[in-house]
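Engineer:
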Amino acid sequence: MLVEINLLPKKEPKRKSQLLWVILALLITLLLIGLFIWQSTTKKAELEATENSLEMTTNLVNTYNQKLDNYKNSESVQSLESAINWANNQSVDYVLFLQELTKNLPERGFIQELKVSDDLTTSMIIQFDTKSDAAYYLNSLLDISWVDEALLTEAKSTDTLENKISDQVDQAIDILKQAEVEPRYFASYEFVLNKAKLRDEMEKKKEDNEKGEDSP
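Those letters in the sequence shown? Residues 10 to 225, by the working numbering.
#1: So, are the CB atoms of E210 and L105 less than 9 Å apart?
#2: Using CA atoms only, rank isn't needed, just tell me which of L44, Y103, T59 and W47 is closest to K204.
#3: With H, G and I counted as helix, E and B as strand and the rest as coil, what does DSSP make of I135?
#4: Excluding sequence positions up to five away, which residues of its chain have a Cβ less than 6 Å from the Cβ of V125?
#5: Note down the Cα distance separating K226 from L202, rounded to an integer number of angstroms.
#6: Ordered along the chain, which non-local residues of its own chain (more than five positions away) have a Cβ less than 7 Å from that of N218?
#7: Tell me whether Q27 is buried or exposed, calling it buried when 16 or more other Cβ atoms sit within 10 Å of its Cβ.
#8: Rounded to a whole number of angstroms, what is the C-alpha to C-alpha distance between Q75 and K165?
#9: Can you find a C-beta in chain B that's less than 9 Å from the C-beta of V104?
#10: From which residue to which residue does the alpha helix (DSSP H) around K140 run?
#11: Kindly list the residues whose CB is nearer than 6 Å to the CB of I153, restricted to its own chain and excluding five residues on each side of it in sequence; keep chain order.
#12: Here's a check: name, in chain order, each residue in its chain whose Cβ is nearer than 6 Å to the Cβ of E199, leaving out the five neighbours to either side.
#13: Once the 5 residues before and after R117 are set aside, which same chain residues still bring their CB inside 7 Å of it?
#14: Quick check on S166: does DSSP put it in helix, strand or coil?
#15: Please identify the residue among L114, L123 and M65 whose C-alpha is closest to the C-alpha of Y145.
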């Protein structure tokens, strides 16, 4: 009597193979969804930081315009002419001022605070990705003709600065935490604004613009 013995392994059912493919496709889909959500949240955090920086810049310009208006309004009618002369002598182009301060910022560098005192001492708090960005920006400040005595007074990560600087900085830190972004660095700078050199720069740019308009 003959007995057939089949030593070859039995083929796996097709159903099991199909199930594995379904699980693999599901895992890939979930991974792509998670990546999309992470990127969307990160971009939202960066957009909010940019909007905060823009709002702070607008408030700064409005504040100094208001100071100038208050000064003019406080003078009597007889001294109005002298008030206008004073304003012309003291005026500073804060648009140029802010353009120069922001043009050398890295792609994800944002000014969180900017204050100019009556003696033209300027203090800033800027958000960076790394400490090296903060050091590089200090060098760019020193290259500006109307910036005197620029100093990097402090550079710390978001983990050590929370609840220690200001409400605006705390708000920026909260945005980063909600987006689960890696800790950023907040650098504090101080420098003296040389108003005479800034006015010279304003005049130079004005002359260059006029020459450009006159040229064919």
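Where is the CB? At the ideal position from N, CA and C, for every residue including glycine. Since the structure is predicted, the reported quantities are computational estimates derived from the model, not experimental observations.
Structural biologist: Taking the coordinates as given:
#1: Taking 9 Å as the Cβ cut-off, E210 and L105 qualify as a contacting pair.
#2: Closest by C-alpha distance to K204, out of L44, Y103, T59 and W47, is Y103.
#3: Correct three-state label for I135: strand.
#4: Correct list, in chain order: T131.
#5: Because the chain is modelled from 10 through 225, residue 226 falls outside the range shown and cannot be assessed.
#6: Sequence-distant Cβ neighbours of N218 in its own chain, meaning closer than 7 Å and more than five residues away, do not exist here.
#7: Counting other Cβ atoms within 10 Å of its Cβ, Q27 stays below 16 and is therefore classed as exposed.
#8: For Q75 and K165, the gap between their C-alpha atoms comes out near 34 Å.
#9: No chain B is part of this structure, which consists of one protein chain only.
#10: Per DSSP, K140 belongs to the alpha helix (DSSP H) from K140 to L151.
#11: Excluding sequence neighbours, I153 sits near E109.
#12: The answer, listed in chain order, is S132, L160 and T162.
#13: Closer than 7 Å at the Cβ level, and outside the excluded window around R117, lie E55 and D138.
#14: In this structure, S166 counts as strand in the three-state DSSP scheme.
#15: Among L114, L123 and M65, the Cα nearest to that of Y145 is on L114.
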